[in-house]
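Let me begin by presenting the structure, written as structure tokens, before commenting on it.
Protein chains in written order, with our numbering: chain A, 2 to 255; chain B, 14 to 269.
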């Protein structure tokens, strides 16, 4: 096991990619604090981790609020020893407008708060513990939208996800001397109930065009991204920091 | 159970420090190793013996990796003796001591660096892909350099061009062979602490060393083993949806 006894906080752990990441980290021996907004759903992943012999706790929090982030850290420290890994996975476009002309300020603010400010607050909150132990792994889940652009989401989402990559590089530079690495993963389109509905509403021609742009000719499964996160969280990635790793099946090559 | 149990891996430049570290790491995850290098590499037998001691098969093969027919024969021998290769790591010989200033680079300097780093990688990939296509699986990893992601004051245009070319090669192969379940990626290595680089490092003053390390967020150089771990990741199914990518193992010095 590559992450034995390490404490990992995973935000957005209650579904999809976050769920797969939380499970993947636990399978490698990490103790997982699974964070989500919906208490029932976040208990689901904790149950699954425990059923497979792993250790996990559920934390319900709105991580766009600094006080809630503080409580998240306190609850993690009350249950486990130290904080070694933070995966900022909570995110999404929150079903906000897609076209620039339609985007209201409230929509802009909400998407930026969730996708950019929350990762910043979480990173800031875990930093003292990582600094003290001279070891830390922060992994920000960005998006292909932030690496390139997207049709299904608006400028607020692309901007926030791109900014998250900038935050990644800046924190990597500032915190590198303390043995803390900060990296991002940029997933391509991934199967989940929403993407499945969108996929089904497309014409065959549309689907062929989309798949044709992906070198591997398939959409991602959540587990495809979890493997990359486990790698970045492990000591195998000791010398990797400031990077954005594209798990896009070759849709983006940088 | 290793993550590469019984897979057949070809590593070029296997007689060099980085190639050896990569071969060890892949074998530690269960792969059987074909160890390629140019003729005259003295270290090939040593690393082969080391890998056999780990309980894995090892086949050292020296030859002209810039000659298509020779490369094809070597790959055939791998397939015959170990099985069809599904992992190929192109770890070229680097600058080969050629000048770092453009005006001093002779045509011979240019040719040997491009041939041995870039052309050899293409030929090895071309030969290995025949087997990967049949297997319906494969992972190619080209060892590139931070010099190709940013800049380098210590190596010339021939080296930067070759290393940049390896990234382009990985992207093309990713695109052409993605539908067949074959992935191709590059690893851009940053400053690395090797015996080979040590004499030049020692010529620097303490102040120069410090200035250099200050440019690296992690404040230290990499070890060959650290690059090898990233190669294992790219060779394994943990990177199942990563192709055409370049991973910067640079301590944060250059990242994209």
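Every residue gets a Cβ at the ideal spot worked out from N, C-alpha and C, and that includes glycine.
Of the listed residues the options, nearest to residue i (C-alpha basis)
| i | options | result |
| --- | --- | --- |
| residue 257(B) | 115(A), 252(A), 78(A) | 252(A) |
| residue 229(A) | 57(A), 156(A), 29(A) | 29(A) |
| residue 58(A) | 70(A), 36(A), 182(A) | 36(A) |
| residue 266(B) | 202(B), 89(B), 196(B) | 202(B) |
| residue 252(B) | 152(A), 250(A), 87(A), 146(A) | 250(A) |
| residue 270(B) | 89(B), 134(B), 261(B) | Past the edges of chain B, shown from 14 to 269, lies residue 270(B), and the structure says nothing about it. |
| residue 231(B) | 136(A), 48(A), 190(A) | 136(A) |
| residue 104(B) | 206(B), 166(B), 175(B) | 175(B) |
| residue 134(A) | 94(A), 179(A), 204(A), 225(A) | 179(A) |
| residue 152(B) | 138(B), 264(B), 110(B) | 138(B) |
| residue 231(A) | 159(A), 145(A), 141(A) | 141(A) |
| residue 32(A) | 39(A), 42(A), 44(A), 51(A) | 51(A) |
Cβ of residue i within 8 Å of any chain D Cβ
| i | result |
| --- | --- |
| residue 246(A) | Included in the structure are the protein chains A and B, with no chain D among them. |
Neighbouring residues, chain B, relative to residue i (Cβ below 7 Å)
| i | result |
| --- | --- |
| residue 231(A) | 251 |
| residue 170(A) | 268 |
| residue 225(A) | 253, 254 |
| residue 251(A) | 187, 188, 191, 256, 257 |
Those residues which DSSP pairs with residue i across a bridge
| i | result |
| --- | --- |
| residue 73(A) | For residue 73(A), which the question treats as bridged, DSSP gives no partner whatsoever. |
| residue 139(A) | 87(A), 183(A) |
| residue 61(A) | 37(A) |
| residue 56(A) | 32(A) |
| residue 103(B) | 155(B) |
| residue 235(B) | 205(B) |
| residue 246(A) | 186(A) |
Check whether residue i and residue j have beta carbons under 8 Å apart
| i | j | result |
| --- | --- | --- |
| residue 12(A) | residue 89(A) | yes |
| residue 27(B) | residue 51(B) | no |
| residue 204(B) | residue 180(B) | no |
| residue 99(B) | residue 21(B) | yes |
| residue 73(A) | residue 139(A) | no |
| residue 143(A) | residue 165(A) | yes |
| residue 41(B) | residue 24(B) | no |
| residue 81(A) | residue 46(A) | no |
| residue 236(A) | residue 246(B) | no |
| residue 65(A) | residue 169(A) | no |
| residue 223(A) | residue 86(A) | no |
| residue 172(B) | residue 68(B) | no |
| residue 199(B) | residue 157(B) | yes |
| residue 235(B) | residue 240(A) | yes |
| residue 107(A) | residue 98(A) | no |
| residue 75(B) | residue 244(B) | no |
| residue 243(A) | residue 184(A) | yes |
| residue 30(B) | residue 208(B) | yes |
| residue 84(A) | residue 8(A) | yes |
Segment limits, beta strand (DSSP E) that includes residue i
| i | result |
| --- | --- |
| residue 196(B) | 195-202 |
| residue 22(B) | 21-24 |
| residue 49(B) | 45-50 |
| residue 193(A) | Here residue 193(A) belongs to no beta strand (DSSP E), and DSSP marks it neither H nor E. |
| residue 9(A) | 8-12 |
| residue 75(B) | 71-75 |
| residue 231(A) | From DSSP, residue 231(A) is part of no beta strand (DSSP E) but of the alpha helix (DSSP H) over 223-234. |
| residue 259(B) | 259-262 |
Beta-carbon neighbours of residue i, restricted to chain A and to distances below 7 Å
| i | result |
| --- | --- |
| residue 231(B) | 177, 240, 242 |
| residue 262(B) | 240, 241 |
| residue 184(B) | 254 |
Chain A contact residues for residue i, given Cβ-Cβ distances below 8 Å
| i | result |
| --- | --- |
| residue 192(B) | 216, 217, 218 |
Extent of the continuous alpha helix (DSSP H) run through residue i
| i | result |
| --- | --- |
| residue 168(A) | 156-176 |
| residue 145(A) | 145-148 |
| residue 1(A) | In the structure displayed, chain A extends from 2 to 255; residue 1(A) sits before or after that span and is not available. |
| residue 86(B) | 81-94 |
| residue 186(B) | 170-190 |
| residue 151(B) | Here residue 151(B) belongs to no alpha helix (DSSP H); instead the beta strand (DSSP E) covers 151-158. |
| residue 60(B) | 57-66 |
| residue 127(B) | 120-127 |
| residue 212(B) | 211-215 |
| residue 210(A) | 205-213 |
| residue 122(A) | 119-134 |
| residue 41(B) | 30-41 |
| residue 152(A) | From DSSP, residue 152(A) is part of no alpha helix (DSSP H); its letter is neither H nor E. |
| residue 110(A) | 106-113 |
Contacts that residue i makes with chain B (C-beta to C-beta distance below 8 Å)
| i | result |
| --- | --- |
| residue 193(A) | Per Cβ cutoff of 8 Å: no residues; residue 193(A) is ~15 Å from chain B at best. |
| residue 221(A) | 254 |
| residue 255(A) | 258, 259, 269 |
9 Å Cβ cut-off: residues of chain A touching residue i
| i | result |
| --- | --- |
| residue 239(B) | 237, 238, 239, 240, 241 |
| residue 222(B) | Residues of chain A passing the Cβ test: none, with the nearest at roughly 16 Å. |
| residue 243(B) | 232, 237, 238, 240, 241 |
| residue 92(B) | Ordered by position in chain A, no residue passes the 9 Å Cβ test against residue 92(B), which lies about 25 Å from the chain. |
| residue 235(B) | 239, 240 |
Interface residues of chain B facing residue i [CB-CB closer than 9 Å]
| i | result |
| --- | --- |
| residue 174(A) | 230, 265 |
| residue 228(A) | 246, 249, 250, 251, 252, 253, 254, 255 |
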